[in-house]
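> Handing you this structure, nothing more for now.
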Amino acid sequence: VLDFNDPFSTEVKPRILLMGLRRSGKSSIQKVVFHKMSPNETLFLESTNKICREDVSNSSFVNFQIWDFPGQIDFFDPTFDYEMIFRGTGALIFVIDSQDDYMEALARLHLTVTRAYKVNPDINFEIFIHKVDGLSDDHKIETQRDIHQRANDDLADAGLEKIHLSFYLTSIYDHSIFEAFSKVVQKLIPQLPTLENLLNIFISVS
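In the working numbering, the protein residues as written are 5 to 210.
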């Protein structure tokens, strides 16, 4: 169980939250990007049932924390101090399984983003439209357009059109997941070297 009084949690490291429905691919992303796990091995990962926190420090430049959340986290659970969590967060990555019916994911995304924004309007909201390796190029574009449109319409309907969502098409079977993660980290640590160098750091050390 995560101890929120843990002295390490006050360290000034950018915090990245990894959220999304169960089986959307959150833990696989973390294992492939930071642990050099082969994509095929991730098929055997258990579902995450508690918040898993990990410190990533690949070099003097790259220093941050990733918190991988269970898919069914309940914002209304009194033991879940989401205000404390969102307050210290730099980026919230929300993973949507592009091969699944994503209506439930969009509803959960909307709830998550609106909750987080109220607590901390400075969070970067990063949407990974994931598992796109199974889609044709046309289908990828169509899916991204549809998710983008629906997510932004939901925010507009709630009077929150000023919230900016960034969208990425990702897969653990190619470089897209490394590139998307690099861009997320780059926004948090502006003094970072170029994207190219960052990718190399991820790939060589992760």
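All C-beta atoms in this analysis are idealised placements derived from N, C-alpha and C, irrespective of residue type, glycine included.
Enumerated in chain order, which unbroken segments of the beta strand (DSSP E) with a length of 3 residues or greater are wholly contained in the stretch 37 to 71?
56 to 61, all fully within the stretch 37 to 71.
> Since I believe Ser-28 is in contact with Val-117 (beta carbons under 8 Å), could you give me their beta-carbon distance rounded to a whole number of angstroms?
Not really, about 15 Å apart at Cβ, beyond 8 Å.
> How should His-168 be labelled, buried or exposed, when 16 other C-beta atoms within 10 angstroms of its C-beta is the threshold for buried?
Exposed, because fewer than 16 other Cβ atoms sit within 10 Å of the Cβ of His-168.
> Tell me the residue span of the alpha helix (DSSP H) that contains Glu-130.
It is not in any alpha helix (DSSP H) - Glu-130 instead sits in the beta strand (DSSP E) that spans 128 to 134.
> Whole angstroms is fine: what's the gap from Gln-34's alpha carbon to Gln-153's?
Straight-line Cα distance between these residues: approximately 27 Å.
> So is Ser-140 buried or exposed if we call it buried at 16+ other beta carbons inside 10 Å?
Ser-140 is exposed by the Cβ-count criterion.
> Would you say the stretch 98 to 113 touches the stretch 122 to 140, given that touching needs at least three Cβ pairs under 8 Å?
A contact exists between the stretch 98 to 113 and the stretch 122 to 140.
> Measure the C-alpha to C-alpha separation of Ser-180 and Pro-125 and round it to an integer number of angstroms.
Using only the alpha carbons, I get a separation of about 27 Å.
> How many Å lie between Lys-122 and Phe-90 at the Cα?
Spanning the two alpha carbons is a distance of roughly 9 Å.
> Under a three-way DSSP split, which group does Ile-97 fall into?
Of the three classes helix, strand and coil, the one that applies to Ile-97 here is strand, per DSSP.
> In angstroms, rounded to a whole number, what distance separates the CA positions of Ala-109 and Leu-25?
The straight-line gap from Cα to Cα measures roughly 6 Å.
> Applying the 10 Å Cβ sphere with the 16-neighbour rule, what's the burial state of Gln-69?
Under this definition Gln-69 is a buried residue.
> Quick one: which unbroken beta strand (DSSP E) runs of 3-plus residues sit fully inside the stretch 154 to 194? Chain order, please.
Runs found: 169 to 173.
> Using C-beta distances below 6 Å, list every residue in its chain close to Lys-191, excluding the 5 sequence neighbours before and after it, in chain order.
Cβ neighbours of Lys-191 beyond the five flanking positions: Asn-128.
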